[in-house]
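Per our numbering, the very first residue in the sequence shown carries number 55; after that it's consecutive.
Idealized CB from N, CA, C, for every residue including glycine.
Heads up: the structure comes next, in structure tokens.
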Amino acid sequence: MANCFGSRLPWNKSFFDILYAECFCFFVYLFYKSFFDILYAECFWCGDILRDSSEQWLHGFGLNIGICSSFLLTAVLSLFVHCDYDFKMLLTLHLLYTLEFHIAKQTLLSNQLPLQGSNKRSNMVLAASHGAQDIAAVDFRGHPADKSKTGGWLAAGLILGTELAERICVMGISMNMVTYLVGVLNLPSAKSATIVTNFMGTLNLLGLLGGFLADAKLGRYLTVVISATIAAVGVSLLTLATTIPTMKPPPCSGVRKQHHECIEASGKQLALLFAALYTIAAGGGGIKSNVSGFGSDQFDITDPKEEKKMIFFFNRFYFFISIGSLFAVVVLVYVQDNIGRGWGFGISAGTMVVAVAVLLCGTPFYRYRRPQGSPLTVIWRVYILAWKKRSLPIPSQPSSLNGYLEAKVPHTEKFRFLDKAAILDENCSKDGNNDNPWIVSTVTQVEEVKMVIKLIPIWSTCILFWTIYSQMNTFTIEQATFMNRKVGSLVVPSGSLSAFLFITILIFTSLNEKLIVPLARKLTHNVQGLTSLQRVGIGLVFSIVAMGVSAIVEKERRENAVNNHTAISAFWLVPQFFLVGAGEAFAYVGQLEFFIREAPERMKSMSTGLFLTTLSMGFFVSSLLVSIVDKVSKKRWLRSNLNKGRLDYFYWLLAVLGVLNFILFLVLAKRHQYKVQHNIKPNEIEEKELVSANDVIIGVNGKEEA
């Protein structure tokens, strides 16, 4: 044991030992943080058990226990990982993670963050709500929902299990699929990257379809159940595709690779794999776009106590996303690489099947909202009517348009061609169909469509961030396979390195809420701290720097491999994971907040769908760029053997495109006029920011309801 505390190894090895150990530290920290947050919330569900002082004491006690327990377990766990590091450095780094506990505790004790349920009014609400009805919601029989028997944390917890299973499946596939395509199916690097990015792009695009089906016809419950079942079938097919011997080409030895004699998987062998991937995409998209909304349906926002519980729900929703992603990239990726793909994907399939069963068991306990129609239908109608009436002249007086006097949104002079949809033509006067939306639109509907169009320029500049992000799922993982991934006697799976991406996102999301935004409020005297477009801009800058760093690291890796025949440490990839993760913490929240705030009030769900399409288009643009670069460079840049290619040139190309995109973003952001937010108080903004910041889907994360 003396060696554990007294030895000093060369810094590069000691540093990575500590870094790997701290991954476990952070995981333990997250567990305790979530546990005591939930315990704290549970105290208020009991109502009469605790009172003001005891509530405050219990949460402070829970925080202290969390700090001590996580620290002791971390120290023991770290010794199992590796003993040869400076233990003092471990203590120093661990303080970074326990600091958040101290901040939360001091904030509570100083009453800067009001304790939930600490006033008499909350207790009265709790008592009055027993047996009450949430009129907007119904139970599974279609009757008004009884709040004492439906909804709440029991129902929300069952729904969270579905999101956990979806994250485990999708992240376990996307973060390690490229190594299977290249290493087992013998596909070229460019083709493998395109397959993965097309899969992720389709998944996010189908999220828009899932949201439409839920809003227009099926409702969120049916959409989530059907989607989860489809996803379970897809992962089961993927398990078969990776375990049946005839679905794989002959193994390729090192000698055959050098002489380019490897046999690629045939179309028949890829057919089942593609069927599985796109079945998963269909199911995952439906879950992604509806599960957070269905979870929030379990709380009545008109009830002050349930409204506060909803904020706790979004915190837990974010935690389950994080845990699912970390479990996938650390545990499942290890199982796939060291035990077998069949076992890894089989665990994912079993997890999804269990999630479907649990979701169905909760049917009597959920609150349901009837479909209210999709905003996409309104947009589609306006465009169709404007096209049908294209030959009619635009009225010189807007007051002659249908619904002008009753318009909830003032008429504007932009995009006047859409005003034709609200013209009262002969069909309206003849049949008196002024109220038929398929005959004539209202000024309100037309102006809402115009507001959506105004979002498109900013939307287009957000796409490239996700194009850069997609490289973390593909080429960066492949880089790791050519690098030294040993930590002591342990060989870290290449896909598991993406854990640093998720850890960085968690750290920066927490820093945003507790440090960066409060500091920005003081400096700018703006209650938001950073505007949504400022957040997006910061994220774009991080992504540009990440590509520059990626190019430098790849050049160094290649030169060492070719000239010195040595593999540098895979932990040189950590900086680019760190930069992209930090960028996502800003860009994801900024984009989501921008689309939600700037969209029409009646099209909030549409705005989240618009956000999902930026992720989807980012992955598709990556596929397009890879195909173009592969053809233009005549397959010299993106080779299956990265040592013979020039991946660093591709990274520099993305960095240059990022700079050009950022310049365009600055021009458009400067010209953009924010929608006027009426009667928004600082505390309301903080609450909205808390929800938006915590409903983040890591990497390709889920839909947020506002």
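Query                                                                                                                : Result
Cβ pair residue 723, residue 587 closer than 8 Å                                                                     : yes
Residue 468 versus residue 510: straight-line alpha-carbon distance, rounded                                         : 14 Å
Other residues of its chain near residue 340: CB distance less than 6 Å, five sequence neighbours each side excluded : 264, 277 and 281
Length at least 3, wholly inside the segment 361-396: the beta strand (DSSP E) runs in chain order                   : none
Exposure label - residue 411; buried when at least 16 CB within 10 Å                                                 : exposed
The beta strand (DSSP E) enclosing residue 200, as first and last residue numbers                                    : 198-200
Buried versus exposed call for residue 654 [16 or more other C-beta atoms within 10 Å across all chains shown]       : buried
In DSSP terms, what residue 538 is bridged to                                                                        : 623
Residue from 672, 319 and 540 with nearest C-alpha to residue 521                                                    : 672
Complete alpha helix (DSSP H) runs within the segment 460-519 (minimum length 4 residues, chain order)               : 480-485
Sequence-distant residues of the same chain with beta carbon closer than 8 Å to residue 592, five excluded per side  : 584, 637, 640, 641 and 644
Euclidean distance between Cα positions of residue 182 and residue 357                                               : Unreliable placement is indicated for residue 182, whose pLDDT of 34 sits below 50; no coordinate value is reported for it.
Own chain partners of residue 515 with C-beta closer than 7 Å, once the 5 adjacent residues on each side are dropped : 715, 718, 719 and 722
Cβ contact (3+ pairs, closer than 8 Å) linking the segment 284-294 and the segment 217-236                           : yes
Start and end residues, beta strand (DSSP E) containing residue 192                                                  : 187-192
Local conformation of residue 166 per DSSP, three classes                                                            : The predicted model places residue 166 with a pLDDT of 34, which falls under 50 and marks its position as unreliable; any figure quoted below should be read in that light. Coil, per DSSP.
Test item: CB-CB of residue 692 and residue 684 under 8 Å                                                            : yes
Cross-strand partners of residue 422 (DSSP beta bridge)                                                              : 192
Cutoff 6 Å; reference residue 663; Cβ partners in own chain excluding five residues on either side                   : 262 and 265
Buried versus exposed, by CB contacts within 10 Å (16 or more), residue 431                                          : exposed
Straight-line gap, residue 471 to residue 675 (C-alpha atoms, nearest Å)                                             : 31 Å
Through-space distance from residue 258 to residue 245, alpha-carbon basis                                           : 20 Å
Bridge-paired residues (DSSP) for residue 41                                                                         : No statement about residue 41 is possible, as the shown extent of the chain runs from 55 to 760 and does not include it.
Check: residue 397 C-beta below 7 Å from any heavy atom of the ligand FMN                                            : What this structure holds is no ligand at all, so the ligand FMN is not there to describe.
Residue 271, enclosing alpha helix (DSSP H) - first and last residue                                                 : Segment: none, residue 271 is in no alpha helix (DSSP H) and carries neither H nor E.
DSSP state of residue 528 mapped onto helix, strand, coil                                                            : coil
Alpha-carbon to alpha-carbon, residue 302 and residue 712                                                            : 38 Å
Three-state class that DSSP yields for residue 690 in the structure shown                                            : coil
8 Å Cβ shell around residue 550 - same chain, five flanking residues per side excluded                               : 383, 384, 387 and 388
Pairwise C-alpha distance: residue 324 and residue 332                                                               : 12 Å
8 Å CB neighbourhood of residue 614 in its chain, flanking five on each side removed                                 : 620, 621 and 622
Identity of the residue in 191, 686 and 505 nearest residue 707 by Cα                                                : 686
Cα-Cα separation between residue 599 and residue 254, rounded to whole angstroms                                     : 24 Å
Helix, strand or coil at residue 223 according to DSSP, with G and I counted as helix                                : helix
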